[in-house]
Amino acid sequence: MYRFSNTTLGYLNLLTLLASIPLIGAGLWMTHSSSSLCTTSLQTPVVVIGFIILLVSLAGFIGACFHIAVALWIYLVFMFFLILALFGVAIFGLAVTTGGGGHEVPGREYKEYMLRDYSGWLRDKIEEKEYWKMALGCIVGSKACDDIQFWSPLEFLQRDLTPVESGCCKPPTSCMLTGSMVVLDEDCYRWSNDSGLLCYRCDSCKAGVLEQVRRDWHNISVLNIVVVVFLMAVYAIGCCAFRNVRRAESEYPHSMHASMSKLHPRWDYHWLRWIRNKREDLY
Numbered sequence: 068m069y070r071f072s073n074t075t076l077g078y079l080n081l082l083t084l085l086a087s088i089p090l091i092g093a094g095l096w097m098t099h100s101s102s103s104l105c106t107t108s109l110q111t112p113v114v115v116i117g118f119i120i121l122l123v124s125l126a127g128f129i130g131a132c133f134h135i136a137v138a139l140w141i142y143l144v145f146m147f148f149l150i151l152a153l154f155g156v157a158i159f160g161l162a163v164t165t166g167g168g169g170h171e172v173p174g175r176e177y178k179e180y181m182l183r184d185y186s187g188w189l190r191d192k193i194e195e196k197e198y199w200k201m202a203l204g205c206i207v208g209s210k211a212c213d214d215i216q217f218w219s220p221l222e223f224l225q226r227d228l229t230p231v232e233s234g235c236c237k238p239p240t241s242c243m244l245t246g247s248m249v250v251l252d253e254d255c256y257r258w259s260n261d262s263g264l265l266c267y268r269c270d271s272c273k274a275g276v277l278e279q280v281r282r283d284w285h286n287i288s289v290l291n292i293v294v295v296v297f298l299m300a301v302y303a304i305g306c307c308a309f310r311n312v313r314r315a316e317s318e319y320p321h322s323m324h325a326s327m328s329k330l331h332p333r334w335d336y337h338w339l340r341w342i343r344n345k346r347e348d349l350y
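Position 35, counted from 1, in the sequence shown is what our numbering calls 102; the numbers after and before it change by one each time, with no gaps.
In structure tokens, the structure reads:
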């Protein structure tokens, strides 16, 4: 059991340590190569998360493979708070992503979205000028409406639309269907044929953005729950490894590594022996 828990924890942390390197590289690459508001907002979180994973994995790897109790203790403390944070974020995400989903439009493939269908927290966020400016920059930068604005009426009947395309690139369907001068939907007055305006000022556009955010955030929250379960299993293995190291220190206070290597060779014992034999063969 000593070898199993320590070796398993060592390999797991080696994998996460190696995985953190491309994650940090991706964040640094975005910093120097991208000017889009959609990606620049992700640069700092990606780099910070990458460094946290790197440091925590390094502590777990050193503690498990070299039998250092202090490193394992630091690893377990950070893992505990990481599990709590991920669990809290997942529960919050599931709570605020309730509602939405859009409304069916008779005779059309796409759905339409309304602000009132979403949680108050999401509506408050999208109404803030800073957040809406960033979201609008993403929409314009992605050129989501470049093709849709030239569709024929028949194409609007036959094709499906993403939430952003439905809310931002066309007027509400009620505006296109009404033949009277009295229009109840205020978005009908905000719509413009100008390719630089379209329905970017409409509430339907904000609702379409929220629907896309809701879908992505809900999927991430479900993934977070899976990650939390996995981290809890890793945490249990880490607790076993920490207990084994402490027990070894108490049983072999003066020559722990020598005694344990005789009973249970460390993970690197066979590799070092193989390298030593090869070097002797060469010389």
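No residue lacks a Cβ here, since even glycine has one placed at the ideal position from N, Cα and C.
Candidates the options: closest to residue i by CA position
i: Gly167; options: Pro230, Ala126 and His134; result: Pro230
i: Ala157; options: Ser317, Arg313, Val296 and Val312; result: Val296
i: Lys210; options: Ser186, Asp254, Cys255 and Leu264; result: Leu264
i: Gly351; options: Gly130, Lys273 and Leu224; result: Since the first residue of the chain shown is 68 and the last is 350, residue 351 is not available in this structure.
i: Ser233; options: Asp252, Cys212, Ser219 and Phe217; result: Cys212
i: Ser72; options: Arg313, Arg314 and Ala303; result: Ala303
i: Arg175; options: Arg281, His285, Cys235 and Leu221; result: Leu221
i: Gln279; options: Ser262, Gly127, Met181 and Arg314; result: Met181
i: Val301; options: Ala93, Phe147, Gly117 and Gly160; result: Phe147
i: Trp140; options: Arg313, Asn344 and Tyr78; result: Arg313
i: Ile206; options: Cys266, Ser288 and Asn311; result: Cys266
i: Tyr185; options: Arg281, Ala315 and Ile287; result: Arg281
i: Ile88; options: Asp283, Ile119 and Ala152; result: Ile119
i: Ala152; options: Asn344, Val294, Trp218 and Cys236; result: Val294
i: Lys237; options: Gly160, Ile193, Gly187 and Glu179; result: Glu179
Alpha carbon of residue i to alpha carbon of residue j, nearest angstrom
i: Asn260; j: Leu189; result: 29 Å
i: Leu122; j: Leu84; result: 8 Å
i: Arg268; j: Ile292; result: 36 Å
i: Ala86; j: Phe133; result: 21 Å
i: Ala131; j: Thr164; result: 39 Å
i: Val137; j: Leu76; result: 15 Å
i: Val115; j: Leu228; result: 35 Å
i: Asn80; j: Leu125; result: 7 Å
i: Leu290; j: Ile91; result: 21 Å
i: Trp96; j: Met201; result: 20 Å
i: Lys196; j: Gly208; result: 18 Å
i: Leu82; j: Cys307; result: 19 Å
i: Cys242; j: Gln216; result: 15 Å
i: Ser288; j: Leu277; result: 16 Å
i: Gly117; j: Gly127; result: 15 Å
i: Arg310; j: Phe154; result: 25 Å
i: Val113; j: Gly305; result: 26 Å
i: Tyr177; j: Ser271; result: 13 Å
i: Ser262; j: Glu253; result: 19 Å
i: Ile135; j: Phe145; result: 16 Å
Where residue i sits in the DSSP three-state scheme
i: Leu104; result: Caution applies to Leu104, whose pLDDT of 49 falls short of 50 and renders its modelled position unreliable; the value that the coordinates give is listed next. If DSSP states are grouped into helix, strand and coil, Leu104 belongs with the helices.
i: His285; result: helix
i: Ser271; result: helix
i: Asn311; result: helix
i: Ile135; result: coil
i: Tyr78; result: helix
i: Tyr302; result: helix
i: Thr229; result: coil
i: Cys235; result: helix
i: Ala86; result: helix
i: Leu265; result: coil
i: Ala126; result: helix
i: Ala211; result: coil
i: Trp258; result: coil
i: Glu253; result: coil
i: Ser219; result: coil
i: Lys329; result: Because the pLDDT of Lys329 is 45, which lies under 50, any placement of that residue in the model is unreliable, and the number read from its coordinates should be weighed accordingly. Lys329: helix per DSSP, three-state reduction.
Proximity test, Cβ basis, 9 Å: residue i and chain C
i: Cys306; result: In the structure shown, chain C cannot be found, because there is only a single protein chain.
Hey, which unbroken runs of the alpha helix (DSSP H) at 4 residues or more fall wholly within the segment 138-197?
-> 187-194
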